[in-house]
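S.K.: First, the structure itself, so that you have it in front of you.
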Amino acid sequence: MKSLILDRNIMMVWLALLAVSSVAWLLSNFGMVFESINGTHLSQLLVVLGYLKIWMVVHYFMEIKHAPRYLQLFCEGWVVLSCISVLSIFYIL
Amino acid sequence: MEQIYSNTERRDDERHVPGEPAFWIFIVGEMAMFGFMYLVFLCYRFWTPENLLIFEAGQRTLSQFYGALNTVLLLTSSWFIVLGLKAARKGNASEGKVFVKLTFMCGLGFVFVKVFEYAEKIQSGYLLNTDAFYQIYYMYTILHLMHVLAGLTALIYLIKNCFKDDCRDPNNVAIIEGVASFWHLVDLLWIGLFTLIYLMV
Numbered sequence: 001m002k003s004l005i006l007d008r009n010i011m012m013v014w015l016a017l018l019a020v021s022s023v024a025w026l027l028s029n030f031g032m033v034f035e036s037i038n039g040t041h042l043s044q045l046l047v048v049l050g051y052l053k054i055w056m057v058v059h060y061f062m063e064i065k066h067a068p069r070y071l072q073l074f075c076e077g078w079v080v081l082s083c084i085s086v087l088s089i090f091y092i093l
Numbered sequence: 094m095e096q097i098y099s100n101t102e103r104r105d106d107e108r109h110v111p112g113e114p115a116f117w118i119f120i121v122g123e124m125a126m127f128g129f130m131y132l133v134f135l136c137y138r139f140w141t142p143e144n145l146l147i148f149e150a151g152q153r154t155l156s157q158f159y160g161a162l163n164t165v166l167l168l169t170s171s172w173f174i175v176l177g178l179k180a181a182r183k184g185n186a187s188e189g190k191v192f193v194k195l196t197f198m199c200g201l202g203f204v205f206v207k208v209f210e211y212a213e214k215i216q217s218g219y220l221l222n223t224d225a226f227y228q229i230y231y232m233y234t235i236l237h238l239m240h241v242l243a244g245l246t247a248l249i250y251l252i253k254n255c256f257k258d259d260c261r262d263p264n265n266v267a268i269i270e271g272v273a274s275f276w277h278l279v280d281l282l283w284i285g286l287f288t289l290i291y292l293m294v
């Protein structure tokens, strides 16, 4: 059991997900102290960090990195397309 | 027996669909639906200056602590189910079962936190008909909560049926892979909701 928990690759992904979540939380609460960053840019950065986490879950946890190319293309393509379309709303509206 | 099940531990360069391929139509459909819902949320938020004010004010009334706690619970549960799947592929039924039980407990923790959060909001007078923000907050998070409950039901099935002596059976591994994929879907959909509803400034 210990050997499974200490499986370095998968543990690193989990730790990276927690780290990105912590950075996002800090940015959401304290990001406005940087005068060069306005609310819109900060929100866009948070969206990108959110989709980075989604990509990590899809790629590593869902094992899409070992899936056939068509499924990999669809799932990871969805992550990229969804991120771009969400970001584009900031400019359209 | 060893010979038959030896292919359930996969090499890194080996490509395969996790779980039943047909189940992925459902998973991909869910991803598309929530992707559309994220867009609707943002369109609604930015549609008029009044809406933006309502959404910003609504977001300030939410507790980021509950949202963050639920994020940690779901990310950790995703990690546990990956370990449970790995244990099953190695034929280690007892360890696999422990990891799936830990996944279940994290999921249950998510439900408790969410119910507690809803109770707090309702007591404070924030209801479905309070404003545009709370309308969409309740609709989206309740829909997600239903996915969590469906995932928990599937995890109970796994705990009861899929971690026995022959857990390396490819058909059995495929069932665990399917449920694990669904649980990861629940996790990634929450990451999107947490970012848009709780974190955005």
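Note that the protein sequences, when read in sequence, are chains A and B.
Numbered according to the working numbering, the first sequence spans residues 1 to 93.
Numbered according to the working numbering, the second sequence spans residues 94 to 294.
Each residue gets a CB set at the ideal place from its N, CA and C atoms; glycine is no exception.
Thinking C-beta only, is Gly-189(B) closer than 8 Å to Ser-170(B)?
M.R.: Here residue 170(B) is taken as the residue at index 77 of the second sequence, counted from 1. Here residue 189(B) is taken as the residue at index 96 of the second sequence, counted from 1. No.
S.K.: Taking the straight line between their C-alpha atoms, what separation do you get for Met-94(B) and Met-239(B)?
M.R.: As a position in the second sequence, residue 94(B) is number 1, starting the count at 1. As a position in the second sequence, residue 239(B) is number 146, starting the count at 1. Here Met-94(B) scores only 45 on pLDDT, less than 50, and its place in the model should not be relied on; the value that follows carries that caveat. Distance between the alpha carbons of Met-94(B) and Met-239(B) is about 39 Å.
S.K.: Provide the residue span of the alpha helix (DSSP H) that contains Arg-108(B), from first to last.
M.R.: Taking the first residue of the second sequence as 1, we reach residue 108(B) at position 15. That residue, Arg-108(B), is in no alpha helix (DSSP H); it is neither H nor E in DSSP.
S.K.: Hey, how far is the Cα of Phe-61(A) from the Cα of Glu-107(B)?
M.R.: The residue you call residue 61(A) lines up with position 61 of the first sequence. The residue you call residue 107(B) lines up with position 14 of the second sequence. Roughly 16 Å separates the two Cα atoms.
S.K.: Does DSSP put Pro-68(A) in a helix, a strand or coil?
M.R.: Taking the first residue of the first sequence as 1, we reach residue 68(A) at position 68. Coil at Pro-68(A), not helix or strand.
S.K.: Give me the Cα-Cα distance between Met-11(A) and Trp-55(A), rounded to the nearest whole angstrom.
M.R.: Counting from 1 along the first sequence, the entry for residue 11(A) is found at position 11. Counting from 1 along the first sequence, the entry for residue 55(A) is found at position 55. So the alpha carbons of these two residues sit roughly 16 Å apart.
S.K.: Under 8 Å: do the stretch 280 to 288 of chain B and the stretch 113 to 133 of chain B share three or more Cβ pairs, one atom per stretch?
M.R.: Taking 8 Å as the limit for Cβ pairs, the verdict is that the stretch 113 to 133 of chain B does touch the stretch 280 to 288 of chain B.
S.K.: Are any of the Cβ atoms in chain A nearer than 8 Å to that of Leu-281(B)?
M.R.: The residue you call residue 281(B) lines up with position 188 of the second sequence. Closer than 8 Å: yes.
S.K.: For chain B, find out if any of its Cβ atoms is closer than 8 Å to the Cβ of Met-12(A); answer yes or no.
M.R.: Sequence index remark: in the first sequence, residue 12(A) carries index 12 (1-based). No, no contact with chain B.
S.K.: What residues in its chain sit with their C-beta under 7 Å from that of Tyr-137(B), if we drop five residues either side in the sequence?
M.R.: As a first step, residue 137(B) is located in the second sequence; it is residue number 44 there, counting from the start. Within the same chain, Tyr-137(B) has close Cβ partners Asn-144, Ala-225 and Ile-229.
S.K.: Taking Cβ-Cβ distances shorter than 7 Å, what residues in chain B pair up with Leu-61(A)?
M.R.: As a working mapping, residue 61(A) is identified with position 61 in the first sequence. This sequence places Phe at residue 61(A); Leu is not what is there. Within 7 Å Cβ-Cβ: Ser-171, Val-175 and His-277.
S.K.: Contact check, Gly-31(A) vs Val-294(B) under 8 Å by CB: the rounded distance?
M.R.: Taking the first residue of the first sequence as 1, we reach residue 31(A) at position 31. Taking the first residue of the second sequence as 1, we reach residue 294(B) at position 201. With a Cβ gap of about 7 Å, Gly-31(A) and Val-294(B) count as contacting.
S.K.: Please confirm whether Glu-95(B) has its beta-carbon closer than 8 Å to some beta-carbon of chain A.
M.R.: Along the second sequence, one-based indexing puts residue 95(B) at 2. Unreliable positioning characterises Glu-95(B) in this predicted model, as indicated by a pLDDT of 46, which lies under 50. A coordinate reading is not provided.
S.K.: Rank Met-198(B), Val-175(B) and Glu-213(B) by C-alpha distance to the C-alpha of Glu-270(B) and give the top, closest one.
M.R.: Residue mapping note: residue 270(B) aligns to position 177 of the second sequence, counting from 1. Considering only alpha carbons, the answer is Val-175(B).
S.K.: Where do the N-terminal and C-terminal ends of the alpha helix (DSSP H) with Asn-29(A) fall, by residue?
M.R.: Here residue 29(A) refers to the residue found at position 29 when the first sequence is read from its first residue. 8 to 30 is the extent of the alpha helix (DSSP H) around Asn-29(A).
S.K.: Between which two residues does the alpha helix (DSSP H) harbouring Ser-156(B) extend?
M.R.: One-based indexing of the second sequence puts residue 156(B) at position 63. Counting along the chain, Ser-156(B) falls outside any alpha helix (DSSP H), and DSSP gives it neither H nor E.
S.K.: Which of the three DSSP states is assigned to Ala-186(B) in this structure?
M.R.: Within the second sequence, the letter at position 93 stands for residue 186(B). Three-state result, Ala-186(B): helix.
S.K.: Would you check if the distance between the CB atom of Gly-50(A) and the CB atom of Ala-24(A) is smaller than 8 Å?
M.R.: Walking along the first sequence from the start, residue 50(A) turns up at place 50. Walking along the first sequence from the start, residue 24(A) turns up at place 24. Yes. Within cutoff.
S.K.: Can you pull out the residues from the stretch 121 to 144 of chain B whose beta carbon lies closer than 8 Å to at least one beta carbon of chain A?
M.R.: Here the close residues are Val-121, Met-124, Ala-125, Gly-128, Tyr-131, Leu-132, Leu-135, Cys-136, Phe-139 and Trp-140.
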